[in-house]
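Going by UniProt numbering, the sequence shown opens with residue 1, and the numbers climb by one from there.
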Amino acid sequence: MKKGYFGDFGGQFIPELLMPPLIELEKAMETILPSEEFQTRFIDMLKENVGRPSAMTHCANLSKDLGLDLWLKREDLNHSGAHKINNTLGQGLLAKMMGKNVLLAETGAGMHGVATAVAAAMLDMKAIIYMGATDVVRQAPNVNRMRLMGAEIVAVESGTKTLKDAINEALRRWLSDQETTHYCFGTAAGPHPFPTLVRQFQQIISQEARQQFMDRNNGSLPDAVVACVGGGSNAIGMFHHFIPDASVRIIGVEAAGTGEPGCDNSAPLSIGSDGILHGMKTKLLQTETGQILPSHSIAPGLDYPGVGPEHAHLHDSGRGEYVTINDAQAINAFKVLSQREGIIPALESSHAVAYAIENKKMLQGKSVLVCLSGRGDKDLGILDEIL
Ligand SMILES: *Cc1c(COP(=O)(O)O)cnc(C)c1O
Numbered sequence: 001m002k003k004g005y006f007g008d009f010g011g012q013f014i015p016e017l018l019m020p021p022l023i024e025l026e027k028a029m030e031t032i033l034p035s036e037e038f039q040t041r042f043i044d045m046l047k048e049n050v051g052r053p054s055a056m057t058h059c060a061n062l063s064k065d066l067g068l069d070l071w072l073k074r075e076d077l078n079h080s081g082a083h084k085i086n087n088t089l090g091q092g093l094l095a096k097m098m099g100k101n102v103l104l105a106e107t108g109a110g111m112h113g114v115a116t117a118v119a120a121a122m123l124d125m126k127a128i129i130y131m132g133a134t135d136v137v138r139q140a141p142n143v144n145r146m147r148l149m150g151a152e153i154v155a156v157e158s159g160t161k162t163l164k165d166a167i168n169e170a171l172r173r174w175l176s177d178q179e180t181t182h183y184c185f186g187t188a189a190g191p192h193p194f195p196t197l198v199r200q201f202q203q204i205i206s207q208e209a210r211q212q213f214m215d216r217n218n219g220s221l222p223d224a225v226v227a228c229v230g231g232g233s234n235a236i237g238m239f240h241h242f243i244p245d246a247s248v249r250i251i252g253v254e255a256a257g258t259g260e261p262g263c264d265n266s267a268p269l270s271i272g273s274d275g276i277l278h279g280m281k282t283k284l285l286q287t288e289t290g291q292i293l294p295s296h297s298i299a300p301g302l303d304y305p306g307v308g309p310e311h312a313h314l315h316d317s318g319r320g321e322y323v324t325i326n327d328a329q330a331i332n333a334f335k336v337l338s339q340r341e342g343i344i345p346a347l348e349s350s351h352a353v354a355y356a357i358e359n360k361k362m363l364q365g366k367s368v369l370v371c372l373s374g375r376g377d378k379d380l381g382i383l384d385e386i387l
């Protein structure tokens, strides 16, 4: 396999000026990341600051309702309420040990911005967060959280003033400030080495979950693992250690939007085509001439027209199955999990839970392990508007 590629996907489709910081980062991954000093400090922080290992929960009521065996990997119990902190603390610590003092990040819904602000505060670094001007208004509570923790917010006025434009502007800023600054990318996407780096920090999810599942099930493995796919970081973290287990189905859930024919959606693996965006070759929502199409999901964290390249490869190689869940099915799962188990899931994670609910006939008697990527408190406002 070519370096930085997953099958046909991945690579480094970037301006030449961005090569030096990417090469520097790749070197740090080879030298600092495996060092005992990094590993000891990172494992300590995951334990003391994040609260790892996160629990694995058996859903007794919902399992009975559905006629299957439903388990949740509880990333919602992490400090700051989602899986994103695994990545921001990892990249933050790596950057600090590289001698950088600024963490630069993009954010759409604000969740990655908040997780970056948390990491920066913890590590005594400065966070600069690029955010589309539209999102700054839409996501005011997260903007307030970031500011409270000392982050500087840069509102991006170009393009559609959303995530895609924030990424472009943040990459531009990195070009000029690479000496002092690390670009803390938010998902397992972008140019090499980010998809590999982010996976490295998120693989802890399946490392823990695989062992926890075997401990609770006499050494047997689940029939299927399921995760929602936005950029793909919680999903690749959840899948990684199960990929060699041929008996385990690997199922990624994309957001279908309203589900009406031709509606805006966030399902590039299911209905997109091959192309290049944000430094990588991957599956994209685009027109025949390569114009990026607007994406949509009720779950703000899934609203992205691309996807990490390893998922594009898992899709094309057939090892991963990628399916879609629409807004209404996700809202139903949000309510069902709240009422039957007392767990309020993030709308993103609700897509993964919905897969088990919608496919209960096919999954009769099977054990299904779902990544609950985050908690749903942040989504109560969206739900209020709809219900
Ligand atoms: C950001 C987010 C996602 C989507 O990001 P991935 O990189 O695809 O994991 C999913 N769930 C929650 C709770 C999020 O905050």
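Virtual Cβ for every residue (Gly too), placed ideally from N, Cα, C.
### Task
Would you list the one or two residues that DSSP bridges to Glu106?
Tyr130
Worksheet item: Can you list, in chain order, the residues of its chain whose CB lies under 8 Å from that of Leu221, leaving out five sequence neighbours each side?
Response: Arg210, Phe213, Met214, Phe242, Asp245, Ser247 and Val248
**Asked** Between the C-alpha atoms of Arg172 and His112, what's the straight-line distance to the nearest angstrom?
**Response** 19 Å
**Start and end residues, alpha helix (DSSP H) containing Met98** = Note, Met98: premise wrong, no alpha helix (DSSP H); not H, not E.
- Between which two residues does the beta strand (DSSP E) containing Lys281 stretch? Met280 to Leu284
Alpha helix (DSSP H) segment containing Gly237, residue limits:
Ser233 to Phe239
Could you name each continuous beta strand (DSSP E) segment of 3 residues or more that falls completely within the region 163-204, going from the start of the chain to the end? 181-183
**Q.** Residues near Met98 in its chain [Cβ-Cβ closer than 6 Å; skip 5 each side]
**A.** Ala28
| query | How big is the Cα-Cα spacing for Gly7 and Gly231? | reply | 18 Å
Candidates Asn359, Ser338, Gln203 and Leu369: which alpha carbon is nearest Arg375's?
Ser338
Exercise. Check whether the region 60-71 touches the region 339-359, counting contact only when three or more Cβ pairs, one atom from each stretch, lie closer than 8 Å.
Key: yes
Exercise for review: Could you tell me if Gly272 is buried or exposed, where buried requires 16 or more neighbouring beta carbons within 10 angstroms of its beta carbon?
Suggested key: buried
* Measure the alpha-carbon distance for Glu169 versus Leu163 and round it to whole angstroms. => 10 Å
**Request:** Note down the Cα distance separating Ile167 from Ser367, rounded to an integer number of angstroms.
**Result:** 38 Å
Just tell me which of Ala140, Gly110, Leu103 and Gly4 has its CA closest to the CA of Leu123.
Leu103
Can you tell me whether Asn326 is buried or exposed, with buried defined as 16 or more other CB within 10 angstroms of its CB?
-> buried
### Query
chain B beta carbons: is any one of them nearer than 8 Å to that of Glu341?
Looking at the structure shown, chain B is missing, and only one protein chain is on hand.
Suppose you measure from the CA of residue 409 to the CA of Ala333; what does that come to, to the nearest Å?
Because the chain spans 1 through 387 in this model, residue 409 falls outside it and cannot be assessed.
ask   = Would you say the beta carbon of Cys184 comes nearer than 7 Å to a heavy atom of ligand 1?
value = no
Practice item. Measure the C-alpha to C-alpha separation of residue 389 and Ser297 and round it to an integer number of angstroms. Key: Nothing about residue 389 can be read from this structure; the chain reaches only from 1 to 387.
ask   = According to DSSP, which residues form a beta bridge with Glu321?
value = Ile251
ask   = Cβ of Ala188 versus every heavy atom of ligand 1: is any distance shorter than 7 Å?
value = yes
Problem set entry | Near ligand 1: Gly279 beta-carbon under 7 Å from a heavy atom | no
Subject >> His315 beta carbon less than 8 Å from that of Leu269 >> reply: yes
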